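Trainee:
Number of protein chains: 2
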Amino acid sequence: MQLLFFKQALINAPEHFVQETLQGIVAAYPDRLRLLDQNDRVLLSTETGRDGKVGIVTGGGSGHLPVFLGYVGHGMADGCTVGNVFASPSYQAMADTIRACNFGAGVLCLYGNYGGDKMNFDQACEDAEFDGISVASVRVCDDIASAPRGQESKRRGVAGLVYAYKLTGAAAARRMSLSEVERVAQKVISNLRTIGVALSPCIVPEVGKPTFTIGEDEMEIGMGIHGEPGIVVSRLLTADETAQMALDRLLEDLPLTAGDEVSVMVNSLGATPPEELYILYRAVAKILRNRGISIFMPHIGAYATSMEMAGVSITLCKLDAELKMLLRDPADTPFYTNHNK
Amino acid sequence: MQLLFFKQALINAPEHFVQETLQGIVAAYPDRLRLLDQNDRVLLSTETGRDGKVGIVTGGGSGHLPVFLGYVGHGMADGCTVGNVFASPSYQAMADTIRACNFGAGVLCLYGNYGGDKMNFDQACEDAEFDGISVASVRVCDDIASAPRGQESKRRGVAGLVYAYKLTGAAAARRMSLSEVERVAQKVISNLRTIGVALSPCIVPEVGKPTFTIGEDEMEIGMGIHGEPGIVVSRLLTADETAQMALDRLLEDLPLTAGDEVSVMVNSLGATPPEELYILYRAVAKILRNRGISIFMPHIGAYATSMEMAGVSITLCKLDAELKMLLRDPADTPFYTNHNK
Numbered sequence: 006m007q008l009l010f011f012k013q014a015l016i017n018a019p020e021h022f023v024q025e026t027l028q029g030i031v032a033a034y035p036d037r038l039r040l041l042d043q044n045d046r047v048l049l050s051t052e053t054g055r056d057g058k059v060g061i062v063t064g065g066g067s068g069h070l071p072v073f074l075g076y077v078g079h080g081m082a083d084g085c086t087v088g089n090v091f092a093s094p095s096y097q098a099m100a101d102t103i104r105a106c107n108f109g110a111g112v113l114c115l116y117g118n119y120g121g122d123k124m125n126f127d128q129a130c131e132d133a134e135f136d137g138i139s140v141a142s143v144r145v146c147d148d149i150a151s152a153p154r155g156q157e158s159k160r161r162g163v164a165g166l167v168y169a170y171k172l173t174g175a176a177a178a179r180r181m182s183l184s185e186v187e188r189v190a191q192k193v194i195s196n197l198r199t200i201g202v203a204l205s206p207c208i209v210p211e212v213g214k215p216t217f218t219i220g221e222d223e224m225e226i227g228m229g230i231h232g233e234p235g236i237v238v239s240r241l242l243t244a245d246e247t248a249q250m251a252l253d254r255l256l257e258d259l260p261l262t263a264g265d266e267v268s269v270m271v272n273s274l275g276a277t278p279p280e281e282l283y284i285l286y287r288a289v290a291k292i293l294r295n296r297g298i299s300i301f302m303p304h305i306g307a308y309a310t311s312m313e314m315a316g317v318s319i320t321l322c323k324l325d326a327e328l329k330m331l332l333r334d335p336a337d338t339p340f341y342t343n344h345n346k
Numbered sequence: 006m007q008l009l010f011f012k013q014a015l016i017n018a019p020e021h022f023v024q025e026t027l028q029g030i031v032a033a034y035p036d037r038l039r040l041l042d043q044n045d046r047v048l049l050s051t052e053t054g055r056d057g058k059v060g061i062v063t064g065g066g067s068g069h070l071p072v073f074l075g076y077v078g079h080g081m082a083d084g085c086t087v088g089n090v091f092a093s094p095s096y097q098a099m100a101d102t103i104r105a106c107n108f109g110a111g112v113l114c115l116y117g118n119y120g121g122d123k124m125n126f127d128q129a130c131e132d133a134e135f136d137g138i139s140v141a142s143v144r145v146c147d148d149i150a151s152a153p154r155g156q157e158s159k160r161r162g163v164a165g166l167v168y169a170y171k172l173t174g175a176a177a178a179r180r181m182s183l184s185e186v187e188r189v190a191q192k193v194i195s196n197l198r199t200i201g202v203a204l205s206p207c208i209v210p211e212v213g214k215p216t217f218t219i220g221e222d223e224m225e226i227g228m229g230i231h232g233e234p235g236i237v238v239s240r241l242l243t244a245d246e247t248a249q250m251a252l253d254r255l256l257e258d259l260p261l262t263a264g265d266e267v268s269v270m271v272n273s274l275g276a277t278p279p280e281e282l283y284i285l286y287r288a289v290a291k292i293l294r295n296r297g298i299s300i301f302m303p304h305i306g307a308y309a310t311s312m313e314m315a316g317v318s319i320t321l322c323k324l325d326a327e328l329k330m331l332l333r334d335p336a337d338t339p340f341y342t343n344h345n346k
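Structural data, given as structure tokens:
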């Protein structure tokens with residue numbers, strides 16, 4: 006089931022990788038997205054009628070599409086800035102994004118919990134507040150493998166970012182106030198848990214070598230989306246075993262009882278094909294059903310990737326009535342559409 | 006830009022790969038999709054109100070998700086049957102699908118131009134006609150690398166299948182007659198051209214070894230989605246060079262002039278990440294713009310894959326007023342949504 010082969014990339018110069026990706030996205034959706042005139046690392050929604058809406062701003066390193074750029078649009082993020090592959094954007098770009106996404110009701114910065122991003126967003130928020138913009142910040146920290154219980158605030162943000170954008174973006178679209186949108190973001194995060202497994206590394210174009218190595222017939226449980234070390238190297242589990250292992254760990258961290266409702270994300274880290282995601286989802290759904298937990302609007306696909314890394318992550322997002330309503334609300338971005346009425 | 010590493014898969018037993026994929030898809034979308042009671046290789050839409058609509062039926066080998074199963078739903082296919090990885094479904098399963106998708110106005114079988122699929126669909130259509138069902142068949146043959154001009158009917162069907170489903174499915178949803186829907190399908194195909202490049206092979210679970218080999222710093226132009234040999238092995242081109250090479254070949258086969266309008270698909274064969282697709286799209290859009298050809302509703306993503314093969318295909322679908330209207334029409338399947346009004 007495994008063999009050596011080559012990975013090659015269809016790019017131009019590695020140093021143009023990020024900018025050409027941005028140019029391609031704007032070329033594809035010119036009616037919906039634009040780059041900021043004074044900073045071509047800032048992607049903005051062109052949606053009209055946002056006066057009085059809280060702006061949702063995000064950003065982070067490149068190499069994770071659809072995270073981050075793919076979620077700019079109606080009902081999710083209003084603007085996004087990206088850095089080089091796996092590197093934080095500059096604080097100036099973040100401040101530019103915040104200013105461009107202030108529609109008079111303040112801005113929520115919603116991003117993954119990484120040191121560089123936090124440092125830069127903190128500085129950017131200071132700059133924006135100096136300009137009189139109300140700003141709040143919430144960091145997504147859903148990766149249970151990155152720090153133990155009790156140290157949730159040290160955890161990294163991974164695929165759970167997508168639920169955070171969706172639910173917080175819907176709250177903003179409903180014209181909730183900045184403090185209400187921030188409350189929703191915090192509630193999402195307290196109900197959000199992810200664990201990933203990696204089966205092969207990716208190659209950062211500007212580096213040209215794999216982010217990590219992994220042995221034949223092995224997988225790494227808890228690997229981060231930048232190749233951060235996981236918690237255990239395991240033999241290669243089957244799909245059913247992987248689902249069981251992941252849910253055992255997730256449910257230990259986020260106890261659920263019969264009657265609870267969750268949304269589940271089974272996410273490809275890049276090279277893992279959709280067939281494998283559905284085989285995994287089949288096992289995840291069976292385990293949850295046997296515990297009396299029902300699934301609402303599962304998300305199965307490539308939502309948060311690491312270039313061409315093979316592997317998956319599984320996310321649980323526990324829902325209450327408010328979060329369920331917000332998850333159902335419409336959204337329309339190049340990588341996420343939901344047209345429930 | 007390239008190194009050896011392992012490919013490993015998250016599956017259970019290889020012989021359950023296809024059935025478990027189907028089970029996972031139905032588990033994920035139980036309100037929208039079901040398996041046929043008497044044949045669990047047949048996936049059907051549960052949409053109501055289809056009386057008097059032409060049924061659109063498709064099928065083919067597994068391993069290409071979202072092709073074929075992913076396009077069953079409103080405005081695209083009504084039913085689909087899949088075989089093992091890269092193998093035709095049985096004619097019995099095809100006949101079962103046709104019978105289940107007859108809503109009183111006949112059924113169009115729309116599938117890729119492969120020998121096994123043609124033989125089995127021909128037999129299935131005979132069976133269905135014996136039961137009094139009006140049936141028409143159209144084979145998609147968009148891969149210009151698989152046979153020269155003048156021998157279009159020998160060409161294989163690849164990512165262009167998605168345009169064929171979309172436009173033909175919209176015609177059926179508009180309650181066009183079987184002969185009208187068939188006419189639309191033929192028109193789509195005469196305006197559809199694809200070429201692919203492969204950068205790495207995939208591994209069929211039941212076989213366990215790569216479908217082909219490719220050298221370091223090389224790419225194969227015209228490779229088929231089952232690893233059929235291409236037309237030339239090239240040094241690894243840049244994204245810009247790849248776009249130019251692909252468009253030179255496509256436009257030689259489908260001459261376009263200034264003022265023409267096309268939809269463009271830049272499709273990942275599996276492991277190629279979205280960043281690379283947008284870098285390519287950027288180059289494709291520039292070349293077309295320079296020729297005065299405008300792009301309508303580009304499709305950029307993983308629409309037709311070969312497991313975890315790295316590579317892309319580029320498809321042009323020339324549009325007239327009717328095809329443009331049909332492309333805009335709503336569609337809603339697990340892998341394709343379009344909610345234009």
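Respectively, the protein sequence lines represent chains A and B. Just so you know, the first sequence maps onto residues 6 to 346 in the working numbering. Just so you know, the second sequence maps onto residues 6 to 346 in the working numbering. No residue lacks a Cβ here, since even glycine has one placed at the ideal position from N, Cα and C. Computed from a predicted model, the values in this text were never measured in an experiment.
1) For K279(B) and chain A, any beta-carbon pair shorter than 8 Å?
2) Distance, Cα to Cα, S95(A) vs G65(A)?
3) Give me the Cα-Cα distance between R198(B) and I194(A), rounded to the nearest whole angstrom.
4) Distance, Cα to Cα, V212(B) vs A203(B)?
5) Quick check on P5(B): does DSSP put it in helix, strand or coil?
6) Need the endpoints of the beta strand (DSSP E) that N272(B) sits in, please.
7) Count the other CB atoms within 10 Å of the CB of E187(B); is the residue buried (16 or more) or exposed (fewer)?
8) Taking the beta carbon of K159(B) as the centre, do at least 16 other beta carbons fall within 10 Å, making it buried, or is it exposed?
9) Below 7 Å on C-beta distance, what does G29(B) contact in chain A?
10) State the DSSP-derived secondary structure class of N397(A), mapped to helix, strand or coil.
11) Applying a beta-carbon distance threshold of less than 9 Å, which residues of chain A neighbour N17(B)?
12) Report yes if the C-beta distance between V267(A) and L324(A) is below 8 Å; otherwise report no.
13) How big is the Cα-Cα spacing for R287(B) and T26(A)?
14) Have a look at L242(B), N272(B), R294(B) and flag the residue whose alpha-carbon is nearest the alpha-carbon of L261(B).
15) So, for L172(B): in the same chain, excluding its five sequence neighbours on each side, which residues have a beta-carbon less than 7 Å away from its beta-carbon?
16) At a CB-CB cut-off below 9 Å, which residues of chain B make contact with P303(A)?
17) Following the continuous alpha helix (DSSP H) through A18(A), name the residue where it begins and the one where it ends.
18) Counting only beta-carbon separations shorter than 8 Å, does V238(B) have a partner in chain A?
19) Looking at chain B, is there any beta carbon in it that lies within less than 8 Å of the beta carbon of P71(A)?
20) Using 8 Å as the Cβ pair cut-off and three pairs as the minimum, do the segment 243 to 253 of chain B and the segment 135 to 150 of chain B touch?
21) So is S184(A) buried or exposed if we call it buried at 16+ other beta carbons inside 10 Å?
22) Are the CB atoms of A169(B) and L115(B) within a distance shorter than 8 Å?
23) Per DSSP, what kind of secondary structure is T338(A) in: helix, strand or coil?
24) Between L204(B) and chain A, is any beta-carbon pair separated by less than 8 Å?
25) Go ahead and pull the three-state DSSP assignment for N295(A).
26) So what's S184(A) in DSSP terms, helix, strand or just coil?
27) My understanding is that F126(A) touches M99(A), with C-beta atoms under 8 Å, so please give their C-beta distance in whole angstroms.
28) At least one CB of chain A closer than 8 Å to the CB of V317(B): is that the case?
29) Should G275(A) be flagged as near chain B, meaning a C-beta pair shorter than 8 Å?
30) If I follow the unbroken beta strand (DSSP E) through L172(B), where does it start and stop?
31) Just to confirm my understanding: we take T342(B), look at its own chain, exclude 5 residues before and 5 after, and list those with CB closer than 6 Å. What are they?
32) Could you tell me which residues DSSP pairs with K323(A) in its beta bridges?
33) Determine whether the Cβ of T310(A) lies closer than 8 Å to any Cβ atom of chain B.
34) Starting from E313(B), find everything on chain A with Cβ-Cβ shorter than 8 Å and list it in chain order.
35) Using a Cβ-Cβ distance cut-off of 8 Å, determine whether A14(A) contacts chain B.
36) Does the beta carbon of F217(B) sit closer than 8 Å to a beta carbon anywhere in chain A?
Mentor: So, to answer that:
1) In the sequence on display, residue 279(B) carries Pro and not Lys. Put simply, the CB of P279(B) is near chain A, with a gap under 8 Å to one of its CB atoms.
2) Pairing S95(A) with G65(A), the inter-Cα distance amounts to about 9 Å.
3) Straight-line spacing of the CA atoms in R198(B) and I194(A) works out to 46 Å.
4) Taking the CA atoms as reference points, V212(B) sits about 20 Å from A203(B).
5) Only positions 6 to 346 of chain B appear in the structure, and residue 5(B) is not among them; the question remains open.
6) Its beta strand (DSSP E) spans residues 266 to 273.
7) When all chains shown are included, E187(B) counts as buried.
8) Per the 10 Å Cβ criterion, exposed.
9) Near G29(B) (Cβ distances below 7 Å), the residues of chain A are Y283, I284, Y286, R287.
10) Residue 397(A) is absent from the model: chain A starts at 6 and stops at 346.
11) Near N17(B) (Cβ distances below 9 Å), the residues of chain A are T243, A244, D245, E246, I284, A288.
12) Yes. Within cutoff.
13) Between R287(B) and T26(A), the C-alpha separation is close to 8 Å.
14) Ranking the options by Cα distance to L261(B), first place goes to R294(B).
15) Only residues of its own chain outside the window of five on either side were considered, and among them V189, V193, L328, L331, L332 have a CB closer than 7 Å to the CB of L172(B), listed in chain order.
16) Here the neighbours are A32, A33, Y34.
17) Going by DSSP, A18(A) is part of no alpha helix (DSSP H) at all; its letter is neither H nor E.
18) Taking 8 Å as the CB threshold, V238(B) stays off the interface with chain A.
19) Yes, contact with chain B.
20) Output reads no: the segment 135 to 150 of chain B does not touch the segment 243 to 253 of chain B.
21) Around the C-beta of S184(A), fewer than 16 other C-beta atoms lie within 10 Å, and the residue is accordingly described as exposed.
22) With respect to the 8 Å criterion, L115(B) and A169(B) are classified as neighbours on the basis of their beta carbons.
23) T338(A) sits in a strand when the DSSP states are folded into three classes.
24) Interface residue, yes.
25) Correct three-state label for N295(A): helix.
26) Helix at S184(A).
27) For a cut-off of 8 Å, the C-beta gap from F126(A) to M99(A) is around 6 Å, short enough to register as a contact.
28) Among the CB atoms of chain A, one or more fall inside 8 Å of the CB of V317(B).
29) For G275(A), the answer is yes, since a Cβ of chain B falls inside 8 Å of its Cβ.
30) First-last for L172(B): 166 to 178, but that is the alpha helix (DSSP H), not the beta strand (DSSP E).
31) Same-chain partners within the cutoff: there are none.
32) Its beta-bridge partners are V267(A).
33) Chain B contact via Cβ: present.
34) Annotation: Cβ neighbours of E313(B) in chain A (cutoff 8 Å, chain order): A276, T277, P278, A315.
35) At least one chain B Cβ lies under 8 Å of A14(A).
36) Interface criterion not met: the Cβ of F217(B) is under 8 Å from no Cβ in chain A.
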